[in-house]
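Taken in order, these protein sequences are the chains called A and B. Under our numbering, think of the first position of the first sequence as 5, with each following residue one higher. Under our numbering, think of the first position of the second sequence as 5, with each following residue one higher. By construction, the Cβ of each residue, glycine as well, lies at the ideal position given by its N, Cα and C atoms.
Protein chains: 2
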Amino acid sequence: MRLTQVSNNKVFDGLHQQYQHFSSTLDCQMQFAVFLPPQAEVKPVPVVYWLSGLTCSDENFMQKAGALRMAAKLGIAIVTMDTSPRGEGVADVEDGAYDLGLGAGFYLNATQAPWVAHYQMYDYVVKELPELIEAHFPVNDQRAISGHSMGGHGALVIGLTNCERYSSISAFSPICHPMSSPWGQKAFTQYLGDGVKKWQQYDASLLLANTEALIPILIDQGDDDPFLDMELKPESLLKAIETRDYPLILRMQSGYDHSYYFIATFIEEHLGFHAKHF
Amino acid sequence: MRLTQVSNNKVFDGLHQQYQHFSSTLDCQMQFAVFLPPQAEVKPVPVVYWLSGLTCSDENFMQKAGALRMAAKLGIAIVTMDTSPRGEGVADVEDGAYDLGLGAGFYLNATQAPWVAHYQMYDYVVKELPELIEAHFPVNDQRAISGHSMGGHGALVIGLTNCERYSSISAFSPICHPMSSPWGQKAFTQYLGDGVKKWQQYDASLLLANTEALIPILIDQGDDDPFLDMELKPESLLKAIETRDYPLILRMQSGYDHSYYFIATFIEEHLGFHAKHF
Numbered sequence: 005m006r007l008t009q010v011s012n013n014k015v016f017d018g019l020h021q022q023y024q025h026f027s028s029t030l031d032c033q034m035q036f037a038v039f040l041p042p043q044a045e046v047k048p049v050p051v052v053y054w055l056s057g058l059t060c061s062d063e064n065f066m067q068k069a070g071a072l073r074m075a076a077k078l079g080i081a082i083v084t085m086d087t088s089p090r091g092e093g094v095a096d097v098e099d100g101a102y103d104l105g106l107g108a109g110f111y112l113n114a115t116q117a118p119w120v121a122h123y124q125m126y127d128y129v130v131k132e133l134p135e136l137i138e139a140h141f142p143v144n145d146q147r148a149i150s151g152h153s154m155g156g157h158g159a160l161v162i163g164l165t166n167c168e169r170y171s172s173i174s175a176f177s178p179i180c181h182p183m184s185s186p187w188g189q190k191a192f193t194q195y196l197g198d199g200v201k202k203w204q205q206y207d208a209s210l211l212l213a214n215t216e217a218l219i220p221i222l223i224d225q226g227d228d229d230p231f232l233d234m235e236l237k238p239e240s241l242l243k244a245i246e247t248r249d250y251p252l253i254l255r256m257q258s259g260y261d262h263s264y265y266f267i268a269t270f271i272e273e274h275l276g277f278h279a280k281h282f
Numbered sequence: 005m006r007l008t009q010v011s012n013n014k015v016f017d018g019l020h021q022q023y024q025h026f027s028s029t030l031d032c033q034m035q036f037a038v039f040l041p042p043q044a045e046v047k048p049v050p051v052v053y054w055l056s057g058l059t060c061s062d063e064n065f066m067q068k069a070g071a072l073r074m075a076a077k078l079g080i081a082i083v084t085m086d087t088s089p090r091g092e093g094v095a096d097v098e099d100g101a102y103d104l105g106l107g108a109g110f111y112l113n114a115t116q117a118p119w120v121a122h123y124q125m126y127d128y129v130v131k132e133l134p135e136l137i138e139a140h141f142p143v144n145d146q147r148a149i150s151g152h153s154m155g156g157h158g159a160l161v162i163g164l165t166n167c168e169r170y171s172s173i174s175a176f177s178p179i180c181h182p183m184s185s186p187w188g189q190k191a192f193t194q195y196l197g198d199g200v201k202k203w204q205q206y207d208a209s210l211l212l213a214n215t216e217a218l219i220p221i222l223i224d225q226g227d228d229d230p231f232l233d234m235e236l237k238p239e240s241l242l243k244a245i246e247t248r249d250y251p252l253i254l255r256m257q258s259g260y261d262h263s264y265y266f267i268a269t270f271i272e273e274h275l276g277f278h279a280k281h282f
């Protein structure tokens with residue numbers, strides 16, 4: 005597992021670094037970024053994995069979320085990755101649609117041609133990337149997972165199906181019930197085919213209804229988000245737990261939209277939430 | 005002076021908005037952004053004008069600097085603008101160089117063809133834009149000016165030549181002595197021609213040596229900045245005031261580079277500095 009450093013910036017007394025490596029899971033070159041707080045010079049620190057939304061790379065969150073000040077204060081590392089496999093030979097859509105193919109891996113393991121060859125983002129995020137991070141950087145085995153939109157869907161699905169690996173989950177504007185949203189239906193049809201069973205493995209609302217573990221979840225959702233009603237459907241998560249006492253906090257934020265300005269406003273509270281549960 | 009709103013995002017309980025307007029000074033369509041803190045709903049607030057570096061638009065600072073949390077807390081509006089005139093008919097370099105023409109207006113009034121027609125950024129920033137802001141938004145007449153790199157040069161030059169209009173100046177990694185730097189010499193030769201007198205009007209070190217007003221200045225400069233020795237030369241500012249007691253704070257920041265990660269680390273202190281002087 006060889007890492008090639010792409011950039012290195014001092015920030016808030018810590019370090020932001022980008023690396024490339026060949027992913028055996030995705031069978032292509034990948035890039036990720038890591039923020040190491042100053043505390044990591046002294047002892048291993050916990051990690052928040054951030055999963056970005058459609059079209060993003062490892063860079064959007066690190067540059068736009070304004071998260072590093074609080075991460076440095078709390079002593080938390082942050083890892084961000086690309087949103088799909090990339091490079092020559094990796095399948096993409098011919099019409100250039102932003103919601104399928106490159107930049108739109110949906111954090112699942114594809115089973116259908118032509119996607120099956122590289123689109124295995126679930127395994128990459130759950131297994132290969134944390135192994136790499138834990139082998140090369142001063143982090144401990146305390147992990148949390150968070151994300152935005154498609155990445156909020158990824159954080160919920162990966163967190164809920166790996167409760168032993170993550171101490172908490174958070175999300176901004178997640179796709180909560182992809183089986184009933186246009187983005188989710190399009191992606192699942194292409195990547196997974198028609199089998200409903202396979203879809204259910206990647207639907208946060210269904211997973212939440214059936215999980216026994218009680219991993220704490222914090223979700224922020226702007227009520228001025230243009231994707232709220234059609235694509236995001238946070239009410240489906242509340243419905244999934246209406247008959248029991250699950251530690252889910254869903255906050256509807258008045259006047260906020262789907263942008264990184266929304267994320268920046270509340271990211272420090274999300275980091276505080278994860279810090280409390282490490 | 006008609007403004008067309010391009011975007012509107014709620015952030016930190018305030019608003020980030022982008023507008024386009026026809027600039028009579030630059031004779032072209034221009035875009036700017038404004039952050040209005042929540043306090044602006046109740047009473048007019050002071051404004052920090054931010055001048056960006058080479059290649060930037062109104063967006064870089066708003067998205068990457070992580071400034072809005074503290075601006076919201078302190079009740080300060082922020083205005084960012086483009087770094088040159090833009091659009092059809094606006095002169096540019098043929099070789100696509102990033103340090104002249106589009107995205108590289110150097111905040112001066114060009115006197116040479118082909119630049120003289122539109123490249124009048126000094127007047128735009130000093131006069132037209134503040135007039136527009138003060139006519140359309142809930143701000144008072146307290147102004148500060150700040151910037152990065154080429155924009156740090158702009159902030160120093162505009163602040164020092166308009167001491168009655170700004171209560172304080174700050175800069176990150178400014179071009180402090182453009183008459184002796186490759187970027188500055190290239191830009192001044194093209195925009196101003198060969199006359200040394202005209203160059204002196206836009207050289208912060210010469211202006212500082214000759215100014216009588218004592219407008220407070222805060223500068224942060226990373227010592228791991230690849231442009232430090234050749235282009236930025238902060239020591240020339242210290243030399244300009246070595247024989248007198250000028251309120252200039254120059255902080256060399258160990259290990260920091262020229263990026264927005266550096267700006268993000270210290271921007272809250274710059275806003276606090278400006279707030280103290282409003």
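TYR261/B at chain A interface by Cβ criterion, 8 angstroms: Within the second sequence, the letter at position 257 stands for residue 261/B. It should be noted that the sequence gives Asp, not Tyr, for residue 261/B. With 8 angstroms as the cut-off, ASP261/B counts as an interface residue toward chain A.
Going by DSSP, what residue range makes up the beta strand (DSSP E) through TRP119/B? In the second sequence, the residue the question calls residue 119/B occupies position 115. Neither: TRP119/B is in no beta strand (DSSP E) and is coded neither H nor E.
Taking the alpha carbon of SER240/B as the reference point, which residue from ASP207/B, ILE271/B, THR215/B has its own alpha carbon closest? In the second sequence, residue 240/B corresponds to position 236, counting from 1. Ranking ASP207/B, ILE271/B, THR215/B by Cα distance to SER240/B puts ASP207/B first.
Comparing the C-beta of GLN35/A with each C-beta of chain B, is any distance below 8 angstroms? Position 31 of the first sequence, counted from the first residue, corresponds to residue 35/A. False, the Cβ-Cβ gap to chain B never drops below 8 angstroms.
Spatial distance of ALA159/B from ASP103/B (CA atoms): Translated into the one-based positions of the second sequence, residue 159/B becomes position 155. Translated into the one-based positions of the second sequence, residue 103/B becomes position 99. Going from the Cα of ALA159/B to the Cα of ASP103/B covers about 18 angstroms.
Which residue comes first and which comes last in the alpha helix (DSSP H) that contains HIS281/B? Position 277 of the second sequence, counted from the start, is the residue given in the question as residue 281/B. Its alpha helix (DSSP H) spans residues 264 to 281.
State yes or no: is the C-beta of MET34/A within less than 8 angstroms of the C-beta of HIS20/A? Here the question's residue 34/A lines up with position 30 in the first sequence. Here the question's residue 20/A lines up with position 16 in the first sequence. Not in contact: MET34/A and HIS20/A (Cβ atoms no closer than 8 angstroms).
Which runs of the beta strand (DSSP E) spanning at least 3 residues fall entirely within the stretch 63 to 134 of chain B, listed in chain order? 81 to 85
Segment limits, beta strand (DSSP E) that includes THR8/B: Within the second sequence, numbered from 1, the residue matching residue 8/B stands at position 4. Per DSSP, THR8/B belongs to the beta strand (DSSP E) from 8 to 15.
Are the C-beta atoms of GLY70/A and some chain B residue less than 8 angstroms apart? As a working note, residue 70/A is residue 66 in the first sequence. For GLY70/A, the answer is yes, since a Cβ of chain B falls inside 8 angstroms of its Cβ.
Contact defined as beta carbons within less than 8 angstroms: I believe PRO41/B pairs with ALA69/B. What is the distance between those atoms, to the nearest angstrom? Along the second sequence, one-based indexing puts residue 41/B at 37. Along the second sequence, one-based indexing puts residue 69/B at 65. The pair is not a contact, with the Cβ atoms about 15 angstroms apart (cut-off 8 angstroms).
Between the Cα of PHE266/B and the Cα atoms of TRP119/B, SER153/B, PRO89/B, which residue gives the shortest distance? Position 262 of the second sequence, counted from the start, is the residue given in the question as residue 266/B. Considering only alpha carbons, the answer is SER153/B.
From which residue to which residue does the alpha helix (DSSP H) around PRO186/B run? On the second sequence, position 182 is the one that residue 186/B refers to. Its alpha helix (DSSP H) spans residues 186 to 196.
Name the DSSP beta bridge partners of SER150/A, please? Here residue 150/A corresponds to residue number 146 of the first sequence, with the count starting at 1. DSSP lists TRP54/A, SER174/A as partners of SER150/A.
Give the residues of chain B in contact with TYR264/A, contact being defined as C-beta atoms less than 8 angstroms apart. For the purposes of this step, residue 264/A is identified with residue 260 of the first sequence, where counting begins at 1. In chain order: GLN67.
What does DSSP give as the partner residue(s) for MET234/B in the beta ladder? Taking the first residue of the second sequence as position 1, residue 234/B is located at position 230. In the DSSP output, where bridge partners are listed per residue, MET234/B has none listed.
8 angstroms contact criterion, which ILE162/A and ILE219/A should meet: CB distance rounded: As a working note, residue 162/A is residue 158 in the first sequence. As a working note, residue 219/A is residue 215 in the first sequence. That belief does not hold up - the Cβ atoms of ILE162/A and ILE219/A are roughly 11 angstroms apart, past 8 angstroms.
What whole-angstrom Cβ distance do PRO178/A and LEU222/A have, given they're in contact under 8 angstroms? Here residue 178/A refers to the residue found at position 174 when the first sequence is read from its first residue. Here residue 222/A refers to the residue found at position 218 when the first sequence is read from its first residue. So it is not a contact: roughly 11 angstroms between Cβ atoms.
Within 10 angstroms of its Cβ, does SER28/A collect 16 or more other Cβ (buried), or is it exposed? Taking the first residue of the first sequence as position 1, residue 28/A is located at position 24. With fewer than 16 Cβ atoms within 10 Å of its Cβ, SER28/A is classed as exposed.
Run through chain A and tell me which residues come within less than 7 angstroms of ARG73/B, C-beta to C-beta. By one-based count along the second sequence, residue 73/B stands at place 69. By Cβ distance, chain A contributes GLY70.
Kindly indicate which residue of GLN116/A, ASP145/A, ALA108/A has the alpha-carbon position closest to the one of GLY188/A. For the purposes of this step, residue 188/A is taken as the residue at position 184 of the first sequence. Considering only alpha carbons, the answer is ALA108/A.
For LYS14/B, decide whether its Cβ has a neighbour in chain A, counting only Cβ atoms nearer than 8 angstroms. Counting from 1 along the second sequence, the entry for residue 14/B is found at position 10. So yes, LYS14/B belongs to the interface.
Continuous alpha helix (DSSP H) stretch holding VAL200/A: start and end: What you label residue 200/A is simply residue 196 of the first sequence in a count that begins at 1. Counting along the chain, the alpha helix (DSSP H) containing VAL200/A begins and ends at 200 to 204.
Closer than 7 angstroms at the beta carbon, the chain A residues around THR269/B: Looking up residue 269/B in the second sequence gives position 265. Simply VAL15, PHE16.
Per DSSP, what are the beta-bridge partners of ILE253/B in this structure? Here residue 253/B is taken as the residue at index 249 of the second sequence, counted from 1. DSSP output for ILE253/B lists LEU222/B as bridge partner(s).
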